[in-house]
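Asks: Mind having a look at this structure? Questions to follow.
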Amino acid sequence: MTRDLRPAGPDDLEELGRFLAAGFRAGPAADFAAPDVLRWKFLDPAGDDGSGLPRSFLARDGAGRIIGHVGVFRTSFEGRSVADGTAGTLHMVDWLGSPGHPGVGASLMRMAHQQAPTQFTLGASEAARAVVQRAGYEPRPAVPVYTRVLRPSHRLRVPGQGAAGRLVRLGRDLVGNLRASRRLPSASLELREVGAFGPEVEDVAAGAGAHAILTRRTPARLNHLLAYPRGGITGWHLVEPSGRLRGFAVLSVVPQHGGRVRLGKIADLVLDGPDPSAWHAAADRLRRELGTQGADVAQGFAAPAWAAEGFSRAGFRRTFHLDLNVRDRRRLLPPAAEAVMHLTPLEADYAFT
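To convert a position in the sequence shown, counted from 1, into this note's numbering, add 1141.
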């Protein structure tokens, strides 16, 4: 029997990390379950959305053992097509129930749902998708993920593909990069690194919100991401030669395959308009910067059509997609056929995992 459902505290983090690592079949050194990362994600006051509500909930059995957890990333959907311009929302992360305690995951989900009028999931296991669909989540157009190989030689370090398979992929990447290098951006944008974001991000996001629905961007939200305990995350402005600010971005470099490969992520990218030439220039400059930072592969989400066009022009190709499901009982968002969603790895923990 479940003894209690309550917010997690500092003294819970060691046990919570072990529970998550075991439940998701990750190694004991998995960053996402490390106590310092859990503290940053769920307890750091800088990561609060201003509501002061808990961001992590535990379920314990009668013996006091953790049998379930859900983390909550609260934000809001914003844009001209949203009712009143804004609608509170949340995304659940590190959501896990013990197999021996059926129903505990659903109980934690219902607790999380009380914190916002809408909820969404972006990518999930088959079991999780089945649960959220029963809870009233509805599918929206999937979010495409675009990738460009920066260092084809990384194929030789990827395990499990066989020597012949690695050579075939290496050759394909070399040809693809040769073709992509021939298409230069028609727009000109410069990258300028920033140590911290300011109110300029809200102005850019307001411009983006005239054309799409995106989650709220604030200096506090982005600066909390820059403070990720494992490092490797940087902030950038995208500026025209005239000095006009056109957008902002966050980049991260994530080790994979035991550190043998470095995945560079365009963790966030927001421009003030839908011009594909500007998105082409932004994607091109950001993939170059990721290469400078040592990334072997560059990756970004491209949900609006103009973002996808920009990434494609910059030599990225669509490699997979993430299912998007939204629970909107009050119908605060426009129907799926009318809504243009702009989602990036900033959502949940895609930016650093």
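For glycine and all other residues, C-beta sits at the position ideal for the given N, C-alpha and C.
Around the C-beta of G1441, are 16 or more other C-beta atoms found within 10 angstroms, so that it is buried, or is it exposed?
Replies: If you number the sequence shown from 1, residue 1441 lands on position 300. So G1441 ends up on the buried side.
Asks: Just verifying my parser: in three-state terms, what is the DSSP assignment at P1486?
Replies: Here residue 1486 corresponds to residue number 345 of the sequence shown, with the count starting at 1. P1486: coil per DSSP, three-state reduction.
Asks: Which residue's Cα is closest to the Cα of V1335: V1394, L1363, S1327?
Replies: Within the sequence shown, the letter at position 194 stands for residue 1335. The shortest Cα separation from V1335 among V1394, L1363, S1327 belongs to L1363.
Asks: Tell whether a beta-carbon distance below 8 Å holds between A1439 and R1428.
Replies: As a position in the sequence shown, residue 1439 is number 298, starting the count at 1. As a position in the sequence shown, residue 1428 is number 287, starting the count at 1. The answer is yes: Cβ separation under 8 Å.
Asks: If you draw a straight line from the alpha carbon of G1241 to that of I1207, how long is it in whole angstroms?
Replies: The residue labelled residue 1241 in the question sits at position 100 within the sequence shown. The residue labelled residue 1207 in the question sits at position 66 within the sequence shown. Cα-Cα distance, rounded: 12 Å.
Asks: Closer than 7 Å by C-beta to R1358: which residues in its own chain qualify, once you throw out the five before and the five after it? Chain order, please.
Replies: Reading the sequence shown from its first residue, position 217 is the one you call residue 1358. So the qualifying residues of the chain are V1342, E1343, A1346, V1411.
Asks: For the beta strand (DSSP E) containing Q1255, name the first residue and the last one.
Replies: On the sequence shown, residue 1255 is found 114 positions in, with the first residue counted as 1. No beta strand (DSSP E) holds Q1255; DSSP gives it neither H nor E.
Asks: If you draw a straight line from the alpha carbon of W1377 to that of R1324, how long is it in whole angstroms?
Replies: Here residue 1377 refers to the residue found at position 236 of the sequence shown. Here residue 1324 refers to the residue found at position 183 of the sequence shown. If you take the alpha carbons of W1377 and R1324, they lie about 24 Å apart.
Asks: Once you ignore the five residues that flank E1488 on each side, which residues in its own chain have a CB closer than 6 Å to its CB?
Replies: By one-based count along the sequence shown, residue 1488 stands at place 347. Correct list, in chain order: H1232, L1263.
Asks: As a quick exercise: from D1416, R1196, P1417, V1402, pick the residue whose alpha carbon is nearest that of D1437.
Replies: What you label residue 1437 is simply residue 296 of the sequence shown in a count that begins at 1. Looking at the Cα atoms, V1402 is the closest of the given residues.
Asks: Tell me whether V1345 sits in a helix, a strand or coil according to DSSP, three-state version.
Replies: Counting from one through the sequence shown, the residue named residue 1345 turns up at place 204. Three-state DSSP puts V1345 in a helix.
Asks: I'd like to know if S1327 contacts chain D, where contact means its C-beta is closer than 8 Å to some C-beta of that chain.
Replies: Any reference to chain D falls outside this structure, which holds one protein chain only.
Asks: For Q1397, which beta-bridge partners are listed by DSSP?
Replies: Here residue 1397 refers to the residue found at position 256 when the sequence shown is read from its first residue. Answer by DSSP bridge pairing, in chain order: V1402.
Asks: With a threshold of 7 Å (Cβ to nearest heavy atom), would K1182 be considered close to the ligand COA?
Replies: In the structure shown, the ligand COA is absent, as is every other ligand, since no ligand is present at all.
Asks: Assign E1267 to one of three DSSP states: helix, strand, or coil.
Replies: The residue given as residue 1267 occupies position 126 in the sequence shown. Here E1267 sits in helix by DSSP.
Asks: Quick test of the definition: if touching needs 3 or more C-beta pairs under 8 Å, does the segment 1251–1261 touch the segment 1212–1227?
Replies: They touch, by the three-pair rule.
Asks: Report yes if the CB atom of I1374 is closer than 8 Å to the CB atom of L1366, and no otherwise.
Replies: Position 233 of the sequence shown, counted from the first residue, corresponds to residue 1374. Position 225 of the sequence shown, counted from the first residue, corresponds to residue 1366. Contact flag set, yes.
Asks: Three or more C-beta pairs under 8 Å: does that hold for the segment 1464–1471 against the segment 1269–1282?
Replies: The segment 1464–1471 is in contact with the segment 1269–1282.
Asks: Does DSSP classify L1474 as helix, strand or coil?
Replies: The residue labelled residue 1474 in the question sits at position 333 within the sequence shown. Coil at L1474, not helix or strand.
Asks: Kindly list the residues whose CB is nearer than 7 Å to the CB of G1164, restricted to its own chain and excluding five residues on each side of it in sequence; keep chain order.
Replies: Numbered from its first residue, the sequence shown carries residue 1164 at position 23. Result list for G1164: L1237, in chain order.
Asks: If we ignore side chains and look at the alpha-carbon of each, how far apart do A1361 and W1181 end up?
Replies: Mapped onto the sequence shown, residue 1361 falls at position 220. Mapped onto the sequence shown, residue 1181 falls at position 40. Roughly 14 Å between the two C-alpha positions.
Asks: Look at the Cβ atom of V1501, then the Cβ atom of A1200, and state whether they are nearer than 8 Å.
Replies: Because the chain here runs from 1142 to 1494, residue 1501 falls outside it and cannot be looked at.
Asks: Identify the continuous beta strand (DSSP E) that holds D1235 and give its terminal residues.
Replies: Here residue 1235 refers to the residue found at position 94 of the sequence shown. From DSSP, the beta strand (DSSP E) with D1235 extends over 1227–1238.
Asks: According to DSSP, simplified to helix, strand and coil, what is D1413?
Replies: For the purposes of this step, residue 1413 is identified with residue 272 of the sequence shown, where counting begins at 1. The answer is coil: DSSP assigns D1413 none of H, G, I, E or B.
Asks: List the DSSP bridge partners of W1377.
Replies: Locating residue 1377 in the sequence shown gives position 236, where the first residue counts as 1. Bridge partners of W1377: E1334, A1390.
Asks: Would you decide whether A1265 is buried or exposed? Buried here means 16 or more other CB atoms lie within 10 Å of its CB.
Replies: Counted from its first residue, the sequence shown places residue 1265 at position 124. That one is buried.
Asks: Near P1326, what residues of its chain come up, given a Cβ to Cβ distance below 6 Å and the 5 sequence neighbours on each side ignored?
Replies: Your numbering for residue 1326 matches position 185 in the sequence shown. Excluding residues within five positions, the ones whose Cβ falls inside 6 Å are H1421, A1422, D1425.
Asks: Taking the alpha-carbon positions, what's the L1194 to L1249 distance?
Replies: For the purposes of this step, residue 1194 is identified with residue 53 of the sequence shown, where counting begins at 1. For the purposes of this step, residue 1249 is identified with residue 108 of the sequence shown, where counting begins at 1. Each residue's Cα considered, the two are about 15 Å apart.
Asks: Hey, out of M1482, D1490, A1149, whose CA is closest to A1349's CA?
Replies: Residue mapping note: residue 1349 aligns to position 208 of the sequence shown, counting from 1. Closest by alpha carbon: M1482.
Asks: For R1468, which of helix, strand or coil comes out of DSSP?
Replies: Locating residue 1468 in the sequence shown gives position 327, where the first residue counts as 1. Reduced to three states, the DSSP call for R1468 is strand.
Asks: Going by CA-CA distance only, name the one from F1493, Y1491, A1480, T1494 that's closest to E1219.
Replies: By 1-based counting over the sequence shown, the position of residue 1219 is 78. The shortest C-alpha separation from E1219 is found at A1480.
Asks: Can you tell me the Cα-Cα spacing of I1407 and P1486, whole angstroms?
Replies: The residue labelled residue 1407 in the question sits at position 266 within the sequence shown. The residue labelled residue 1486 in the question sits at position 345 within the sequence shown. Distance between the alpha carbons of I1407 and P1486 is about 7 Å.
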